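Numbering (the working numbering), first residue to last: 79 to 377.
Please read the structure below before turning to the comments.
As structure tokens, this is what we get:
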């Protein structure tokens, strides 16, 4: 029976499986201190999502290990560049990569990570490679929009478009790439993409709310959210979150009800970074939509 305890336990097992694979594969492929440093300390949510998706739809999560590994490499590469752009000196409670190793290595190592990632995605076929590159193209465009807003340039993208590109696209890849590894195609691919896109977008909404609570306005998506909300940022953002949550639960029901439990687990993990008041408001929305979609008691 699925509930908060069993989902957390399963995620822990999958994360340990992924971490062991990462350590073993890095030691063979790119055994450099800098690479291990870049990957250390993250939640591995994108990789564990890929493994859980494979488990839900195919039964054997190990089939998706190369995909999960590649996703974590790509994500780590993007974080190195993000920290340079944001001039952030701290990442995951430690010195950011550029602060520790310098700008020169911070330019080169993401290329190494991305090239290795593509090699491992290719194990799932050419369509998987196309999907992965499209996801990172969108993520990069989303970051461009973000930077343009910070520079005061007038952008045409809406807030939800920005979060869908800069964050949603990567979770979309995490949801769909393991299906190629399983040899699946057709409508299930489209549904998985919608699930991942909404999950990533919901996460970014929570992340932006957390930044607003801390008084941080260093991202374009935060500024766009403040602008679009017209001074009513919490009602506006919470309504957007509810809309994305409904999409998550609808598409999860079409794929595997287990994915609804994963989504709840991951969103509640994200909630740890918000204030108690926001935490309770979001939990209220989650509980309400959980009941609306007729899902069993999570606790």
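Where is the CB? At the ideal position from N, CA and C, for every residue including glycine.
Since we're looking at a predicted model, the values are computed, not measured.
- Secondary structure in the stretch 92–167: the alpha helix (DSSP H) runs of 4 residues or longer, each lying completely within the stretch, are 111–117, 123–136 and 143–164 in chain order.
- Excluding its 5 nearest sequence neighbours in each direction, residue 236 has C-beta neighbours in its own chain below 8 Å: 302 and 306, listed in chain order.
- Judged by DSSP secondary structure, residue 200 falls outside any alpha helix (DSSP H); it is assigned neither H nor E.
- Of the residues 346, 231, 116 and 318, the one whose Cα lies closest to the Cα of residue 157 is 116.
- Annotated three-state conformation of residue 173 is strand, per DSSP.
- For residue 142, the CB contacts under 6 Å within the same chain, skipping 5 residues up- and downstream, are 128, 129, 132, 256 and 259 in chain order.
- Taking the C-beta atoms as reference points, residue 125 is found no nearer than 7 Å to residue 151.
- Rounded to the nearest angstrom, the gap between the Cα atoms of residue 218 and residue 313 is 29 Å.
- Residue nearest to residue 248 within the set 275, 161 and 191 is 275 (criterion: CA-CA distance).
- Around the beta carbon of residue 272, a 10 Å sphere encloses 16 or more other beta carbons of the protein chains shown; the residue is thus reported as buried.
- Taking 7 Å as the cut-off, the Cβ atoms of residue 315 and residue 277 do not count as close.
- In the assembly as shown, residue 240 is a buried residue. Its beta-carbon has 16 or more other beta-carbons within 10 Å.
- Unbroken alpha helix (DSSP H) runs of no fewer than 4 residues, entirely contained in the stretch 205–271, are found at 237–241 and 247–259, following chain order.
- Taking each of 85, 345 and 368 in turn and checking the Cα distance to residue 281, the smallest one comes out for 345.
- Cβ-Cβ distances below 7 Å link residue 250 to 213, 271, 274, 275 and 278 in the same chain, with the five nearest sequence neighbours on each side left out; the list follows chain order.
- Exclusion of the five residues before and after residue 246 leaves 275, 278 and 279 as the residues of its chain whose Cβ lies within less than 6 Å of its Cβ.
- A Cβ-Cβ separation of about 6 Å places residue 176 in contact with residue 161 under the 8 Å criterion.
- The C-beta of residue 221 has 16 or more other C-beta atoms within 10 Å across all chains shown, which makes the residue buried.
- Take residue 267, set aside five residues on each side of it, and the residues of its chain with a beta-carbon closer than 7 Å to its own are 254 and 257, in chain order.
- Under the three-state reduction of DSSP, residue 295 is assigned to coil, being neither helix nor strand.
- For a cut-off of 8 Å, the C-beta gap from residue 123 to residue 113 is around 20 Å, too long to register as a contact.
- Listed in chain order, the alpha helix (DSSP H) elements of length 4 or more contained wholly in the stretch 267–352 are 298–307, 311–333 and 335–348.
- Taken through DSSP and simplified to helix, strand or coil, residue 181 comes out as helix.
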